[in-house]
Amino acid sequence: KPLWHSAFFVGMPVPSGAIGLMLPLYLEGIGVSKTFMPPPVLTIFALSLAFLMVSRLRTFSGKQLGRHIEREYIAPVVALTAVAAVILVMYPYMTLTIVCIVYIILIPVSIRRYWRLEKQHAATPPVNAAGDATNTQTPT
770 KPLWHSAFFV GMPVPSGAIG LMLPLYLEGI GVSKTFMPPP VLTIFALSLA
820 FLMVSRLRTF SGKQLGRHIE REYIAPVVAL TAVAAVILVM YPYMTLTIVC
870 IVYIILIPVS IRRYWRLEKQ HAATPPVNAA GDATNTQTPT
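Here you go:
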């Protein structure tokens, strides 16, 4: 299994789905009218998230984002994390709405990225233990 596989989840993680399912409540918290999402639309939205949670579609995991932070970037990363936490506490509905919408928009992007990496991986010959490309053709 290639290392880049760990950068993707299989399907939408259940915690992400649960947070995403609350998007209509976040929208109501920022003042969007309840008529914006009538019950049939909410049902389709919930079923779509349920499908994503049990699907085999690949979504970004973020596991490799923080693998190694260069020394000169540690302070800005900590500062941005603190700012994000403060914004989440001060404006929870707006922050969670933006995070949910961005996450949903990134799902097709992550699927496309996975397919491209899969295609690139299939095009490269496998490498044996000695580091040489192996001949995958059978002799005739």
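In this note's numbering, the protein residues as written are 770 to 909.
Here a beta-carbon is modelled for each residue, glycine too, at the ideal position from N, C-alpha and C.
{"Item": "Is it true that the region 806 to 822 meets the region 786 to 798, where meeting means three or more beta-carbon pairs spaced less than 8 Å apart?", "Value": "yes"}
{"Item": "Spatial neighbours of Val846 within its chain, please: C-beta separation below 7 Å, excluding the five flanking residues on both sides.", "Value": "Ile838"}
{"Item": "Per DSSP, what kind of secondary structure is Thr919 in: helix, strand or coil?", "Value": "This structure leaves residue 919 out entirely; the chain is present only between 770 and 909."}
{"Item": "Could you tell me which uninterrupted beta strand (DSSP E) segments, each at least 3 residues in length, are contained entirely in the region 792 to 844, listed from first to last along the chain?", "Value": "827 to 829"}
{"Item": "Using the Cβ count rule (16 or more neighbours within 10 Å means buried), how would you classify Arg881?", "Value": "exposed"}
{"Item": "With 16 as the cutoff for other CB atoms within 10 Å, does Arg827 come out buried or exposed?", "Value": "buried"}
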